[in-house]
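Undergrad:
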Amino acid sequence: MDPQPPTTSTTKLTNDLLGLLQTTAARVSNTVAGPTHLPRDLMPTATALSTYLTHIATRRSSSPVSADNLSFHILRTRNKAETILDFDARPPKVLSKGKKEWYYLVLSETSDTGDVQILLEGGLRKNKSDVLVGFIEVLDTTIKTWEQRTKQAERIQEAKDKWNAKGKMKSLLQVQNTEAAEKQKRRAAEKKAREKEKEERREPAEKALREMVERQRREREDKQMRAREEGMGEEEEMAKEGLEDDEWLEKEGEMDAGDGEGVNRWEEVDLDSDEFDF
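In the UniProt record's numbering, the protein residues as written are 1 to 278.
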């Protein structure tokens, strides 16, 4: 940002510049026919010029500008835009120059040693009566440029401040995230330790339960095995008894069937014989 103006009052400088501008405007009007500038028309120019000079004095670290050392001068010169150059030549050669029929107003400062310094040059004008208008245009453009630069510098500084604040906030967030991560890590470790302790307490009970279940399973299997073995013995006994029954049945069948001799033999027996005499 541009440095602040000196602490001296600018009101006196503005009033002195207003008087100087009025004198210059009157001199121009008396020299050639031109517009008449009223005090109220020149007051904004005096204020802007006071701001300009205060800024210049501050930038060069000198004492405040005094209107007593200031003066306006009308200069005549050529317009560079009318200069014709031969660009084929090396270096370019001036073929013709414009006539010295252009005028501009300059503000100069005379130091105590007699040195003269031009503080501001107005714009070129073809008519001498318009030199004050050209001067005001350059002054307004310069002030606006400074204001734009000041605003730009303020925006840049504001952006830097936001960036720094964002960086600080980012650092703060990083610290908070780190603390949160460490806290979460501690909680996970504590949870893991609790689960391990719980597992250690639960392991003997589960082991005893597994052993009991395994023992019951073995007992059940042994019981089933014995039952199957006993069942197989009964089946063998029943099968054996069944086999004997079958044998007797077969024998009885054979006796019933025979070959017919037995039947015939009984049929041939004479019951009146002496063999059956009881």
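C-beta atoms are modelled at their ideal positions from N, C-alpha and C, and glycine is treated no differently.
Just to confirm, is the Cβ distance from L139 to A48 under 7 Å?
TA: Here residue 139 corresponds to residue number 139 of the sequence shown, with the count starting at 1. Here residue 48 corresponds to residue number 48 of the sequence shown, with the count starting at 1. It is a contact, given that the beta carbons lie within the stated cut-off.
Undergrad: Whole angstroms are fine: how far does the CA of L21 sit from the CA of F135?
TA: The residue labelled residue 135 in the question sits at position 135 within the sequence shown. The residue labelled residue 21 in the question sits at position 21 within the sequence shown. Answer to the nearest angstrom: the Cα atoms are 11 Å apart.
Undergrad: From the DSSP secondary-structure annotation, give me the bridge partner or partners of Q117.
TA: As a first step, residue 117 must be located in the sequence shown, where it is residue number 117. DSSP lists E109 as partners of Q117.
Undergrad: Could you name the residues that DSSP lists as bridge partners for L70?
TA: What you label residue 70 is simply residue 70 of the sequence shown in a count that begins at 1. E109, per the DSSP bridge assignment.
Undergrad: To the nearest angstrom, how far is it from the Cα of R228 to the Cα of E221?
TA: Counting from 1 along the sequence shown, the entry for residue 228 is found at position 228. Counting from 1 along the sequence shown, the entry for residue 221 is found at position 221. Computed Cα separation, rounded: 10 Å.
Undergrad: Within the chosen definition, does the stretch 65 to 84 reach the stretch 105 to 115 through at least 3 CB pairs nearer than 8 Å?
TA: The answer is yes - the stretch 105 to 115 touches the stretch 65 to 84, with three or more Cβ pairs under 8 Å.
Undergrad: Report the three-state DSSP secondary structure of S96 (helix, strand or coil).
TA: On the sequence shown, residue 96 is found 96 positions in, with the first residue counted as 1. If DSSP states are grouped into helix, strand and coil, S96 belongs with the strands.
Undergrad: Where do the N-terminal and C-terminal ends of the alpha helix (DSSP H) with D16 fall, by residue?
TA: Mapped onto the sequence shown, residue 16 falls at position 16. Run containing D16: 10 to 31, per the alpha helix (DSSP H) assignment.
Undergrad: With L85 as the anchor, note down where its beta strand (DSSP E) starts and where it stops.
TA: Sequence index remark: in the sequence shown, residue 85 carries index 85 (1-based). 84 to 86 is the span of the beta strand (DSSP E), which, as asked, contains L85.
Undergrad: What are the residues that DSSP puts in a beta bridge with R76?
TA: Translated into positions along the sequence shown, residue 76 becomes position 76. DSSP, once it has assigned bridges, lists Y103 as partnering R76.
Undergrad: Mapping DSSP to helix, strand and coil, what is R226?
TA: Translated into positions along the sequence shown, residue 226 becomes position 226. Note: R226 maps to helix in three-state DSSP.
Undergrad: Please report the distance separating the alpha-carbon of L17 from that of K97.
TA: Along the sequence shown, one-based indexing puts residue 17 at 17. Along the sequence shown, one-based indexing puts residue 97 at 97. Each residue's Cα considered, the two are about 36 Å apart.
Undergrad: In the structure shown, what three-state DSSP assignment does R60 receive?
TA: One-based indexing of the sequence shown puts residue 60 at position 60. In the structure shown, R60 sits in coil (DSSP, three-state: anything other than H, G, I, E or B).
Undergrad: Residues in its own chain within less than 8 Å of V116 by CB, not counting five upstream and five downstream?
TA: Residue numbering aside, residue 116 sits at position 116 when the sequence shown is read from its first letter. For V116, where only same-chain residues beyond five positions count, the Cβ hits under 8 Å are S108, E109, T110.
Undergrad: When the Cα of I143 is compared with those of D112, S50, P92, G123, which residue comes out closest?
TA: The residue you call residue 143 lines up with position 143 of the sequence shown. Comparing Cα positions, the closest option is S50.
Undergrad: I believe L95 touches D86 by the beta-carbon criterion, under 8 Å. Please report the beta-carbon distance rounded to the nearest angstrom.
TA: Your numbering for residue 95 matches position 95 in the sequence shown. Your numbering for residue 86 matches position 86 in the sequence shown. Confirmed, Cβ separation roughly 5 Å.
Undergrad: Helix, strand or coil: how does DSSP classify R90 here?
TA: Here residue 90 refers to the residue found at position 90 of the sequence shown. Three-state result, R90: coil.
Undergrad: Considering only the alpha carbon of each residue, which of G19, T10, T24 lies closest to D130?
TA: Your numbering for residue 130 matches position 130 in the sequence shown. The residue with the shortest Cα to Cα distance from D130 is T24.
Undergrad: Quick one: is G122 buried, meaning 16 or more other Cβ sit within 10 Å of its Cβ, or exposed?
TA: For the purposes of this step, residue 122 is taken as the residue at position 122 of the sequence shown. By the 10 Å Cβ count, G122 comes out buried.
Undergrad: Considering only the beta carbon of each residue, do R78 and K100 sit closer than 7 Å?
TA: Along the sequence shown, one-based indexing puts residue 78 at 78. Along the sequence shown, one-based indexing puts residue 100 at 100. Contact: yes.
Undergrad: Could you work out which residue in N30, R202, L13, P92 is closest to T45 when comparing CA atoms only?
TA: Along the sequence shown, one-based indexing puts residue 45 at 45. Answer by Cα proximity: L13.
Undergrad: Who are the near neighbours of E214 in its chain, counting only those whose CB is closer than 6 Å to its CB and skipping five residues on each side?
TA: For the purposes of this step, residue 214 is taken as the residue at position 214 of the sequence shown. Nothing meets the Cβ criterion.
Undergrad: Looking at C-alpha atoms only, which residue of K128, E197, S66 is the closest neighbour of R27?
TA: Translated into positions along the sequence shown, residue 27 becomes position 27. Of the listed residues, the one whose Cα sits closest to R27 is K128.
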